[in-house]
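Asks:
Here it is, written out as structure tokens:
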């Protein structure tokens, strides 16, 4: 069978992505060598429901020397690599079951696998059509084709890789232990006297870490919908600076400024004071509406999960916004329709007063010469740009609760 140059190109792309993942893991392991070198970890098989041994003082001291922002970045980095390790381990187990993999003696260091020449399987990162199009905007034949930007290269992590056997795999144990050391250190950080950018970055990281850690602790619900997701993110907590807090509280009381009536409605008077105190201590004076493009709750409609830094958080949020819009908006050529994600329409008032002004705002965020902006403008021109055109043109892409993380390699 003669392979086309396109198939060779795709295979080369997959192998390059696998190589980058291995190199990234090696870099991550090296970054902890200062306090974990030659350390033997003893973690019970039922982690993460229960975790074991207290870290050595040298490890704790190294963590305590990190600033709150650097610690939050390290926690997110560790969680992302745990998910990547689980993904690769689950993929390996699939290939072992099919008998199509030969293990090398130094597998644990290099993660190298081979398939026979007749197999269509190449050891890659759980690649499928939705990895190229994570939000399914090209599922409709009428969808106008275009480059969706960096999202086409993201790693897609699904529930099939969240396997207890993979979590207990010996290659993942050091990462879980490092995570525990950092989580312990998180309890001792001092988050007072931080700048706006420092607060913004650290709390975005903590929001995402809280939910990612929650999935590792409690697993993915057998049926993931609005209620089961809300239940999981409410019970998944972190101890930050001595305060036990969950992701909804981080969003409502720290990253945003809630209305007093809303606070009483969702918490009740008995819980209101504690959450409000945390918000008063650590809350942002000026919320950034772009946080919606950074907060990820592990669903298919969530934006990609990234690591945010105090030095660059404003630019990083701007980039996250542009990349999400580029990947999540669908334009139908024949029907002249524009489908916006539920995430954007639900938070519309953060950016615009109505759909008309929202579409103006969307166009302003996109590159002037980009195909998406041109397609949107063409749709509105077909309605002669009249008032009320948005009501006829704009549709909503329903929120999908299917478990998914989009990870940057």
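In full-length UniProt numbering, the protein residues as written are 1 to 409. Even glycine gets a Cβ: it sits at the ideal position worked out from N, Cα and C.
1. What does DSSP give as the partner residues of residue 405 in its beta bridges?
2. Report the three-state DSSP secondary structure of residue 245 (helix, strand or coil).
3. Report yes if the C-beta distance between residue 287 and residue 294 is below 8 Å; otherwise report no.
4. Contact between the stretch 179-196 and the stretch 219-239 is defined here as three or more beta-carbon pairs at a separation below 8 Å; is this criterion met?
5. In chain order, which beta strand (DSSP E) runs of at least 3 residues are fully inside the stretch 141-218?
6. Assuming residue 255 and residue 203 form a contact by the criterion Cβ under 8 Å, report the distance between their Cβ atoms to the nearest whole angstrom.
7. Where does residue 399 fall in DSSP's three states?
8. Taking only three categories from DSSP, how would you classify residue 302?
9. From residue 329 to residue 140, what distance separates their C-alpha atoms?
10. Measure the CB-CB distance between residue 337 and residue 393 and report whether it falls below 8 Å.
11. Taking residue 318 as the reference, which of 333, 306, 310 and 290 has the closest Cα?
12. For residue 306, count neighbouring Cβ atoms within 10 angstroms of its own Cβ and tell me buried if that reaches 16, exposed if not.
13. CA-CA distance, residue 357 and residue 351?
14. Should the stretch 146-161 be regarded as contacting the stretch 80-100, the criterion being three or more beta carbon pairs within less than 8 Å?
15. I'd like the list of long-range same chain contacts for residue 64, defined as Cβ closer than 7 Å, with 5 residues on each side in sequence excluded.
16. So residue 337 is in the beta strand (DSSP E); what residue range does that whole segment cover?
17. Using the DSSP secondary-structure output, state which residues sit across from residue 238 in a beta bridge.
18. According to DSSP, simplified to helix, strand and coil, what is residue 332?
19. In the DSSP assignment, find the alpha helix (DSSP H) that holds residue 76 and state where it starts and stops.
20. How should residue 388 be labelled, buried or exposed, when 16 other C-beta atoms within 10 angstroms of its C-beta is the threshold for buried?
21. Considering only C-alpha positions, which residue in the set 59, 80, 69 and 60 is nearest to residue 296?
22. Should residue 85 and residue 172 be called a contact, given that it needs their Cβ atoms to be closer than 8 Å?
23. How long is the line joining the alpha carbons of residue 208 and residue 151, rounded to whole angstroms?
24. Quick check: what's the CA-CA separation for residue 175 versus residue 404?
25. Starting from the C-beta of residue 371, find all residues in its chain whose C-beta is less than 6 Å away, skip the five residues before and the five after it, and write them out in chain order.
26. Considering only DSSP beta bridges, list what residue 394 is partnered with.
27. Within this structure, are the beta carbons of residue 148 and residue 326 separated by less than 8 Å?
28. Grab me the residues of residue 309's own chain with a C-beta within less than 8 Å of its C-beta, minus the 5 sequence neighbours each way, in chain order.
29. Please classify residue 289: does DSSP put it in a helix, a strand, or coil?
30. Mind checking residue 178: buried by the 16 CB within 10 Å criterion, or exposed?
31. Measure the CB-CB distance between residue 246 and residue 231 and report whether it falls below 8 Å.
32. Using the Cβ count rule (16 or more neighbours within 10 Å means buried), how would you classify residue 205?
33. Give the straight-line distance between the Cα atoms of residue 347 and residue 292, rounded to the nearest whole angstrom.
34. Going by beta carbon distance, what residues of the same chain come within less than 8 Å of residue 60, once the five residues before and after it are set aside?
35. From residue 399 to residue 215, what distance separates their C-alpha atoms?
36. Could you give the C-beta distance for residue 342 and residue 397, rounded to a whole number, given that I count them as a contact under 8 Å?
Replies: The answer reads as follows:
1. 157
2. strand
3. no
4. yes
5. 155-158
6. 6 Å
7. coil
8. coil
9. 13 Å
10. yes
11. 290
12. buried
13. 8 Å
14. yes
15. 185 and 188
16. 337-341
17. 245
18. strand
19. 68-98
20. exposed
21. 80
22. yes
23. 18 Å
24. 21 Å
25. 146
26. 338
27. yes
28. 69, 73, 201 and 316
29. helix
30. buried
31. no
32. buried
33. 8 Å
34. 181, 184 and 185
35. 20 Å
36. 6 Å
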